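Peer 1:
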Amino acid sequence: MRGVSVREASVKGASARDVSARGGGRRPRAGGIALNAAAAAVLVVMIFPVYWMFATAFKPTAEIQAETPGLWPAHPTLEHFATAVGADGFWTFWRNSLLVTGAAVLLALVVALLSAFAVARMRWRGRGAFIVMVFAAQMAPWEALLVPMFIIARDTDLLDSLAMLTGVYFMVTLPFTIVTLRGFLAAIPAEVEEAALVDGCTRPAAFRRVVFPLLAPGLMATSLFGFITAWNEFAFVNVLIIKDQDKRTLPVWLSSFRDVFGTDWGATMAAATLFALPVLVLFLFLQRRVGAGMIAGAVKG
Amino acid sequence: MKHRLLAAAAVLALAAGTGACGSDEGSGSAAPASTGPAKLTVWIMDGSVTDELVKQFETDYEAARKGVDLDIQIQAWDGIGERVTAALASTDAPDVIEVGNTQIAQYAASGGVRDLTDKVADLGGTDWIPGLAQPGNIDGRQYGIPWYAANRVVVYNKELFEKAGITAPPTTRDEWLEITAKLDKGGDQGIYLTGQTWYALAGFIWDEGGDFAVKDGEKWKGALDTPQALAGMDFYKRLQALGKGPKDADEANPPQHEVFAQGKVAQMISVPGGAARVLEVEPKMKDKIGFFPIPGKTADKPGAVFTGGSDLIIPEASKNPDAAYEVVKALAGEKFQTDLAKAMNFVPNRTSLAHVLDADEGTAAMAKGASNGRATPNTPNWAAVEATLVIKQYMTAVLTGKDPAAEARKASESITATLNSGS
Amino acid sequence: MSVPAATRAPAPPRRGPGRPVPPDRPRRPRRFWPYLLIAPTVVGGLFLLLYPLFRAATISFQHFRMGELIRGGAEFAGLDNYRELLAGGEFWTVVLRTFVWTGINVVLIMGLSTAVALMLVRLGRRMRLALMSALALAWATPIIAATTIFQWLFQSELGIVNWLLTRLGLESFQGYSWFADGQAMFGVLVVLVVWQSVPFAALTLYAGLTTIPAELYESARIDGGTGRQIFTRVTFPILRPMFALITSLEVIWVFKCFPQIWVLSQGGPDGATTTLPVYAFRIARALHRYDLGSAVAMLTVVVLAVALISNLRRMLRQEGAEP
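Residue numbers (numbering that gives the first Met the number 0), protein chains in the order written: chain W, 0 to 300; chain X, 0 to 422; chain E, 0 to 322.
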C-alpha cells in the first residue's frame with residue numbers, strides 16, 4: 000500500500016465515480032417494450048406539470064381560462080414575460096437572490112467541508128455525538144424560528160440586512176451539506192491522501208491537490224441542493240426585510256402577481272419559468288457530474 | 000447611496016436606544032421643516048391605486064413640502080399579514096401603512112398603532128363613512144383613518160341578458176333567481192359564483208337578519224347556525240347552482256374577471272373595479288358590461304352588502320409620526336380622495352364626496368348598494384376568524400352536499416372559540 | 000511531491016487493507032485539529048440555530064401574542080401553553096395524522112424511486128437521459144411554482160385533471176371539487192409531495208445502483224436467481240445504508256413539509272390536511288398565538304426525535320465504532 004503512487008491511487012478513487020458508465024453497460028440492451036412504455040409514462044407524469052407551467056406562460060389570458068384546456072398555446076404571446084420582467088425591482092431581486100443564495104451556499108460548502116473532513120478522516124472524542132447533532136439539526140422547525148429570528152434581528156439591528164438572510168440560509172443548508180459531503184469524502188479512499196503525504200505533500204497540499212479534485216463533483220452536487228433550498232425561501236425574507244424593499248429576493252417577486260382581484264396566472268407562470276431557469280441551467284451544467292457522483296458516498300453514509 | 004442611508008438609519012436607531020418598543024419615543028421630534036430631509040415610507044397595497052396616481056401624488060407632495068422624500072412602496076398581498084406585524088414590531092417601521100378594514104382592530108389592540116383620536120376633527124372626521132371609521136375605532140380611540148371603500152355589485156353581460164330576453168335588472172332576490180335560471184342555458188352560465196365568496200354570503204345573511212357572530216354580554220358567539228344565517232346560506236346555494244363556479248375556491252382562483260371575459264358568463268358579483276379588469280383581458284367586452292346593486296328581499300331596499308375597504312395607520316414605531324400624519328392628511332383629503340374614487344371606482348372616505356361617483360354606471364350601482372352597507376363583527380379577533388378560513392370551508396361543505404345545520408354548528412363553535420381567545 | 004524523501008513526515012503505520020486509516024493517529028500534538036475544523040459549524044449552529052431555538056423554547060413558556068411581540072414584556076406562563084395544547088384532543092389527532100401523512104408519502108416515495116432507479120439502470124442510453132432530464136426538471140421546479148401548478152391542474156371546472164378523467168369516461172369527475180373533500184385534498188397533496196420528492200431519491204438510488212459491480216449480478220444470475228431474488232439478495236443489501244439514509248431524510252422532510260400544504264389547503268378542509276408544522280404555523284400566524292405555536296413546534300421536535308430515536312442511536316453506535 001505504501002508504494003502506491005498518488006496517480007495510481009487517485010485513479011482508483013476515481014473509479015468509484017466512473018462506474019456509471021459501467022453500470023449502464025451492465026445490460027446494454029435497450030430494454031423491452033414494456034419497460035420503455037413504463038419509462039415513458041413516468042417521464043410524462045414527471046414532466047407534465049413543468050410543461051404546463053411553460054405552456055401557460057405563453058398563452059394569452061383568454062386562452063388560459065378557456066373551458067377546454069388547450070395542450071399548447073394556440074396564439075403564443077410574450078406578454079406575460081413582459082409583465083414578469085417589467086415588475087418593479089425585478090433586476091434588483093435577481094441580484095439579491097443570486098447574492099444571498101450564492102453566498103449562503105458557498106459559505107455552507109466551506110464550513111461543511113471543514114467539518115466533513117474532521118468527521119470522515121479523523122478520530123476524536125465527541126465525533127459520534129457531533130454527527131448525530133448534525134443529523135438532528137435537519138429536524139429544526141424553521142417555521143417556528145421565524146419569530147425568534149425576527150426578534151434577534153430586530154434587537155441586533157439586522158433587519159433589512161442581506162447578511163442576516165444569508166446567515167439564515169447558510170444555517171438551513173449546512174446540516175445537509177455536511178452529511179452529504181462527509182459521504183463523498185468517505186468514498187475517497189484515505190490511501191489516496193496518504194500516498195500524497197508519503198510523497199511529501201503537506202496535509203493541506205495533499206488535500207488541495209489530490210482530494211479536492213476528486214471531491215469537486217460532490218461539492219457541486221451538494222451545492223445544487225443547497226441552491227434549490229435557499230433559492231426558494233420566502234417566509235424569512237418576508238419578515239426579515241421590511242422597510243428596505245430593494246433588499247427583497249425573487250420569491251417575493253414570484254408571489255407578487257396577485258392582488259385583490261386574484262392571481263395573474265400567466266404572469267405567475269412566466270415568472271416561475273424564469274425563476275426555475277437558474278436551477279435548471281445549474282443542473283444541466285452539473286448534470287453529468289451530479290448523475291455520476293450524486294451521493295456516491297452516501298453508500299458509505 | 001443605499002448603504003449610506005442604511006448606515007444612517009442604523010446610527011439613528013442606536014441613538015434612539017433599544018427601548019423603542021415604548022410608546023412615546025420620538026413623538027414630536029421630527030417636524031419636517033426643522034430636521035432636514037425626512038424620508039417617509041408609505042405602504043400601499045397592490046391594486047389600491049394606479050401607478051400614475053402614485054407617481055403624481057409623490058411628485059406633488061414632494062414639490063409642496065421641501066425636504067420630504069416620499070417613498071411609496073406597493074405591497075404584494077402574499078404574506079402581508081406577517082409583514083405588517085413584523086413592521087409594527089420593528090424599531091423602524093414604515094411611517095404610513097394601508098390596512099384592510101377587517102384587519103385593523105387586531106393591530107390596534109396589540110398596541111403597535113398610533114392613537115389619532117385628537118386628529119379626527121382636523122381630518123374632517125364628522126362624515127366619514129361608518130364602514131371604515133368604525134373598524135378603525137377601538138374602545139373609543141381612533142387608530143385607523145378611513146381611506147377608501149368598495150362594495151360588491153352584480154356585474155352583468157348585457158348581450159347575454161338581451162339574448163335571454165331580459166330587459167330590466169332584477170329588484171328582488173326571487174326575481175334574481177328567476178332570471179338567473181333563465182340565463183343559465185346552453186353553454187352560458189347564469190352566474191359565476193365561486194363557492195367561497197363569503198362577502199356575498201355576508202350580505203345574504205344580513206338580509207335575513209342574521210350575522211356571522213353576535214356579542215352576548217362580554218362574550219362573542221358564532222351565529223352561522225341560526226335559522227337566519229342558514230336561510231342566507233340556502234339562498235347562496237340556490238344561486239350558486241345556476242352556474243359553474245367552482246365550489247371549492249374563492250373568486251380569486253381563478254380570477255373571476257378572467258372567466259367573465261370569456262363572454263359566456265351572464266353575471267358575477269364583484270366590486271365595480273372588476274369590470275376594468277375584464278376589459279384588460281378582453282377589450283371587446285367594452286359595451287357589453289352592465290351593473291346593478293345586489294337585489295334585496297324586497298324591491299324597496301337593495302341587498303345588504305359588506306363594506307370592504309382600507310384605513311391608514313401610523314405605526315408607533317414610525318420615526319417621523321408628525322410628518323407621517325401630514326401624509327395621511329393628504330391621502331385622506333378631498334383632492335386625493337376625488338382622484339382616487341375616479342381612477343379606481345372606489346367609494347371616497349366621506350359621504351360628502353359621494354357625488355363623484357354619480358357619473359359612472361358601475362359606481363352609481365355601488366353607491367346605491369352602499370346605503371345598506373355593513374361591516375364584519377368589530378372585534379380584534381375577527382381577523383383570526385378570516386385567517387382560519389372557517390367560513391369558506393363551511394360554505395364549500397354545504398355546497399358539496401353536507402348537512403347545513405351540522406356544518407353550521409361546527410363552524411359556529413370554531414368562530415366562538417376564535418373570537419373569545421384572549422389576546 | 001517534489002519534496003525530497005528525507006524531509007518526509009513519518010509515514011503512518013500500516014493498517015489492514017481496505018479499512019480506512021485515520022492518518023492523524025500518530026500526530027498527537029495535532030489533536031486539536033478536528034475541533035478547530037468543526038469550530039465554524041459549531042459557532043454557526045450556536046448562534047443561528049440553538050440560540051433561536053432557545054428563544055422559541057422560551058416563548059413557549061410565556062404569554063406571548065401579537066401584543067407582546069410588538070410591545071415586548073412577555074410574562075412567564077409556566078406550562079400553561081403545553082397544558083392547553085395537551086388538554087385539547089386536537090393535538091393528538093394532528094400528531095396521528097402527521098404520522099399517517101409521513102408514512103404514506105415515504106412509502107410511496109421510496110417505492111416509486113426504487114422502481115424508477117431500477118428502470119433507469121435498464122433503459123437504453125437515450126431514454127435514460129430523457130427520463131433523468133425529466134426528473135431533474137421536476138426537481139428544479141420551484142416549490143411555489145409547482146404548488147401553484149398543482150392547484151390549477153386539479154381545479155374543479157377548468158382543471159386539466161378533471162377534463163382528462165371526464166374524457167376517459169369517468170363522468171363523475173365533471174366539475175369534481177378536489178379541494179372540498181378531506182381525503183381528496185389529502186390525496187392531491189400526496190401526489191404533489193411524491194412528485195416533488197421522487198427525483199432526488201430516484202437519482203440518488205440510481206447513482207448507488209451504478210456502483211454495484213456487474214459481476215455480482217452475473218454470478219447471481221448464473222446461480223439462477225430471479226429478478227426479484229437478485230434485488231432482495233444482491234441489490235438491496237448493498238444499498239441498505241443508502242436506503243436507510245434516504246429514508247430517514249425523506250421522513251424528516253415529509254414530516255416537516257410545510258409550504259405545499261399551506262399554499263394548497265392551509266390545512267383544510269376541516270383540518271383534514273393539518274399536519275404538525277401546519278398546525279404550529281396556523282396557531283402562530285393566523286391566531287397570533289406565538290406562545291402556543293412555539294409549544295407545538297417544540298413538541299414536534301420531540302415527537303420527530305422520538306420517532307427517529309432508534310435511527311439516531313444506531314448512528315451514534317456506528318459512528319463511535321469507526322470513523
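Cβ coordinates follow ideal geometry from the N, Cα and C atoms, glycine included. It should be emphasised that the depicted structure is a prediction, and the values quoted were computed from it without experimental measurement.
Would you verify that the beta carbon of Ala383 (chain X) is, or is not, closer than 9 Å to some beta carbon of chain E?
Peer 2: Taking the first residue of the second sequence as position 1, residue 383 (chain X) is located at position 384. So, interface residue.
Peer 1: When the Cα of Asp173 (chain X) is compared with those of X:Thr297, X:Lys218, X:Val326, X:Ser370, which residue comes out closest?
Peer 2: As a first step, residue 173 (chain X) is located in the second sequence; it is residue number 174 there, counting from the start. Closest by alpha carbon: X:Thr297.
Peer 1: Please tell me whether Glu250 (chain X) has its Cβ less than 9 Å away from any Cβ of chain W.
Peer 2: What you label residue 250 (chain X) is simply residue 251 of the second sequence in a count that begins at 1. At least one chain W Cβ lies under 9 Å of Glu250 (chain X).
Peer 1: Would you mind telling me which residues of chain E sit closer than 7 Å to Gln137 (chain W), beta carbon to beta carbon, in chain order?
Peer 2: For the purposes of this step, residue 137 (chain W) is identified with residue 138 of the first sequence, where counting begins at 1. Under the 7 Å cutoff, chain E gives Ile251.
Peer 1: Could you name the residues that DSSP lists as bridge partners for Asn156 (chain X)?
Peer 2: To locate residue 156 (chain X), count along the second sequence from 1; it is residue 157. Answer by DSSP bridge pairing, in chain order: X:Ile288.
Peer 1: When you compare the CB positions of Leu223 (chain X) and Ile390 (chain X), do they come within less than 9 Å of one another, or not?
Peer 2: Here residue 223 (chain X) corresponds to residue number 224 of the second sequence, with the count starting at 1. Here residue 390 (chain X) corresponds to residue number 391 of the second sequence, with the count starting at 1. Contact: yes.
Peer 1: Taking the runs of the alpha helix (DSSP H) that are 4 residues or longer, which of them lie wholly in the segment 151–233 of chain E?
Peer 2: Counting whole runs of 4 or more residues, the segment 151–233 of chain E contains the alpha helix (DSSP H) stretches 159–166, 181–208, 213–221, 226–229.
Peer 1: For Ser96 (chain W), go through chain X and note every residue whose CB falls closer than 8 Å to its CB, in chain order.
Peer 2: Within the first sequence, numbered from 1, the residue matching residue 96 (chain W) stands at position 97. By Cβ distance, chain X contributes nothing, its closest Cβ being about 16 Å from Ser96 (chain W), past 8 Å.
Peer 1: Starting from the beta carbon of Met324 (chain E), find every residue of chain X whose beta carbon is closer than 7 Å, and list them in chain order.
Peer 2: Here chain E covers residues 0 to 322 and nothing more, so residue 324 (chain E) does not appear.
Peer 1: Are the beta-carbon atoms belonging to Asp417 (chain X) and Thr387 (chain X) less than 9 Å from one another?
Peer 2: Locating residue 417 (chain X) in the second sequence gives position 418, where the first residue counts as 1. Locating residue 387 (chain X) in the second sequence gives position 388, where the first residue counts as 1. Checking the displayed sequence, the identity of residue 417 (chain X) turns out to be Thr instead of Asp. In this structure, Thr387 (chain X) lies closer than 9 Å to Thr417 (chain X) by Cβ.
Peer 1: Put Leu150 (chain X) into one of helix, strand or coil per three-state DSSP.
Peer 2: To locate residue 150 (chain X), count along the second sequence from 1; it is residue 151. Position check: residue 150 (chain X) holds Asn in this sequence, whereas Leu was assumed. It is coil, neither helix nor strand.
Peer 1: Less than 9 Å between CB atoms is the rule here; does Arg207 (chain W) satisfy it with respect to chain E?
Peer 2: Translated into the one-based positions of the first sequence, residue 207 (chain W) becomes position 208. Chain E, which has no Cβ nearer than 9 Å to the Cβ of Arg207 (chain W), makes this no.
Peer 1: Contact between the segment 220–239 of chain W and the segment 174–186 of chain W is defined here as three or more beta-carbon pairs at a separation below 8 Å; is this criterion met?
Peer 2: The answer is yes - the segment 174–186 of chain W touches the segment 220–239 of chain W, with three or more Cβ pairs under 8 Å.
Peer 1: Entirely within the segment 170–194 of chain W and at least 4 residues each: give me those alpha helix (DSSP H) ranges in chain order.
Peer 2: You should have found no qualifying run.
Peer 1: Which of helix, strand or coil does DSSP assign to Trp252 (chain E)?
Peer 2: On the third sequence, position 253 is the one that residue 252 (chain E) refers to. Helix, per DSSP.
Peer 1: What separation, rounded to the nearest whole angstrom, lies between the Cα atoms of Arg408 (chain X) and Gly295 (chain X)?
Peer 2: As a working mapping, residue 408 (chain X) is identified with position 409 in the second sequence. As a working mapping, residue 295 (chain X) is identified with position 296 in the second sequence. Roughly 26 Å between the two C-alpha positions.
Peer 1: Check each candidate in E:Pro240, E:Lys255, E:Ser293, E:Tyr289 and name the one with the smallest Cα separation from Met314 (chain E).
Peer 2: Position 315 of the third sequence, counted from the start, is the residue given in the question as residue 314 (chain E). Nearest of E:Pro240, E:Lys255, E:Ser293, E:Tyr289 to Met314 (chain E), Cα basis: E:Pro240.
Peer 1: Between the beta-carbon of Ala39 (chain W) and the beta-carbon of Met126 (chain E), is there less than 9 Å?
Peer 2: Taking the first residue of the first sequence as position 1, residue 39 (chain W) is located at position 40. Taking the first residue of the third sequence as position 1, residue 126 (chain E) is located at position 127. Contact flag set, yes.
Peer 1: Nearest to Ser196 (chain E) by alpha carbon, out of W:Arg94, W:Ala271, W:Met45, W:Met148?
Peer 2: As a working note, residue 196 (chain E) is residue 197 in the third sequence. The candidate whose alpha carbon is nearest that of Ser196 (chain E) is W:Met45.
Peer 1: Are the segment 49–56 of chain W and the segment 65–82 of chain W touching by the rule of at least three beta carbon pairs closer than 8 Å?
Peer 2: Verdict: yes, contact present.
Peer 1: Which chain E residues sit within Cβ distance under 8 Å of Phe116 (chain W)?
Peer 2: For the purposes of this step, residue 116 (chain W) is identified with residue 117 of the first sequence, where counting begins at 1. Neighbours of Phe116 (chain W) on chain E, chain order: Leu36.
Peer 1: In or out: Val192 (chain E) buried (at least 16 other Cβ within 10 Å) or exposed?
Peer 2: What you label residue 192 (chain E) is simply residue 193 of the third sequence in a count that begins at 1. With 16 or more Cβ atoms within 10 Å of its Cβ, Val192 (chain E) is classed as buried.
Peer 1: So, does the CB of Ser309 (chain E) fall closer than 9 Å to a CB anywhere in chain W?
Peer 2: Here the question's residue 309 (chain E) lines up with position 310 in the third sequence. Taking Cβ atoms only, chain W never reaches closer than 9 Å to Ser309 (chain E), which makes this a no.
Peer 1: Does the distance from the CB of Phe290 (chain X) to the CB of Gly361 (chain X) come in under 9 Å?
Peer 2: Working through the second sequence from its first residue, we reach residue 290 (chain X) at position 291. Working through the second sequence from its first residue, we reach residue 361 (chain X) at position 362. Cβ distance < 9 Å, so Phe290 (chain X) and Gly361 (chain X) count as in contact.
Peer 1: In three-state DSSP terms, what is Trp30 (chain E)?
Peer 2: Here the question's residue 30 (chain E) lines up with position 31 in the third sequence. Looking at the sequence shown, residue 30 (chain E) is not Trp but Arg. Three-state result, Arg30 (chain E): coil.
Peer 1: Does the distance from the CB of Ala88 (chain X) to the CB of Asp45 (chain X) come in under 9 Å?
Peer 2: Looking up residue 88 (chain X) in the second sequence gives position 89. Looking up residue 45 (chain X) in the second sequence gives position 46. In this structure, Asp45 (chain X) does not lie closer than 9 Å to Ala88 (chain X) by Cβ.
Peer 1: If contact means a Cβ-Cβ distance below 8 Å, which residues of the segment 68–82 of chain X contact chain A?
Peer 2: Chain labels in this structure do not include chain A; the protein chains are W, X and E.
Peer 1: Got a sec? Which residues, its chain only, sit under 8 Å from Pro43 (chain X) by beta carbon, not counting five neighbours each side?
Peer 2: Taking the second sequence and counting its residues from 1, one reaches residue 43 (chain X) at position 44. The sequence given here places Ile at residue 43 (chain X); Pro does not occur at that position. Excluding sequence neighbours, Ile43 (chain X) sits near Val53, Ile71, Gln72, Ile73, Gln74, Glu97.
Peer 1: Identify each residue in the segment 249–270 of chain X for which the Cβ-Cβ distance to at least one residue of chain W is less than 9 Å, and report them in chain order.
Peer 2: Those residues of the segment 249–270 of chain X that come within reach of chain W (Cβ to Cβ, closer than 9 Å) are Asp249, Glu250, Ala251, Asn252, Pro253, Pro254, Gln255, His256, Glu257, Val258, Ala260, Gln261, Lys263, Ser269, Val270.
Peer 1: Go ahead and label Val187 (chain E) buried or exposed: buried means 16 or more other beta carbons lie within 10 angstroms of its beta carbon, across all protein chains shown.
Peer 2: Against the third sequence, residue 187 (chain E) aligns to sequence position 188. Result: buried.
Peer 1: Would a C-beta distance cut-off of 9 Å place Gly209 (chain X) and Gln227 (chain X) closer than the cut-off?
Peer 2: Residue 209 (chain X) sits at position 210 when you count from the first residue of the second sequence. Residue 227 (chain X) sits at position 228 when you count from the first residue of the second sequence. Yes.
Peer 1: Check the Cβ-Cβ distances between Ser254 (chain W) and every residue of chain E, and say whether any is below 9 Å.
Peer 2: Residue mapping note: residue 254 (chain W) aligns to position 255 of the first sequence, counting from 1. Chain E contact via Cβ: present.
Peer 1: Is it the case that the Cβ atoms of Trp252 (chain W) and Ile148 (chain E) are separated by a distance below 9 Å?
Peer 2: Your numbering for residue 252 (chain W) matches position 253 in the first sequence. Your numbering for residue 148 (chain E) matches position 149 in the third sequence. No; because the gap between Cβ atoms is not below 9 Å, this pair is not in contact.
Peer 1: Which first and last residues belong to the beta strand (DSSP E) in which Thr40 (chain X) is found?
Peer 2: Here residue 40 (chain X) is taken as the residue at index 41 of the second sequence, counted from 1. Segment 37–44, the beta strand (DSSP E) holding Thr40 (chain X).
Peer 1: With Ala365 (chain X) as the anchor, note down where its beta strand (DSSP E) starts and where it stops.
Peer 2: To locate residue 365 (chain X), count along the second sequence from 1; it is residue 366. Correcting the residue identity first, residue 365 (chain X) is Met in this sequence and not Ala. First-last for Met365 (chain X): 360–369, but that is the alpha helix (DSSP H), not the beta strand (DSSP E).
Peer 1: Check whether chain W comes within 9 Å of Phe332 (chain E), counting only Cβ atoms and requiring the distance to be less than that.
Peer 2: No answer is possible for residue 332 (chain E): the residues shown for chain E start at 0 and end at 322.
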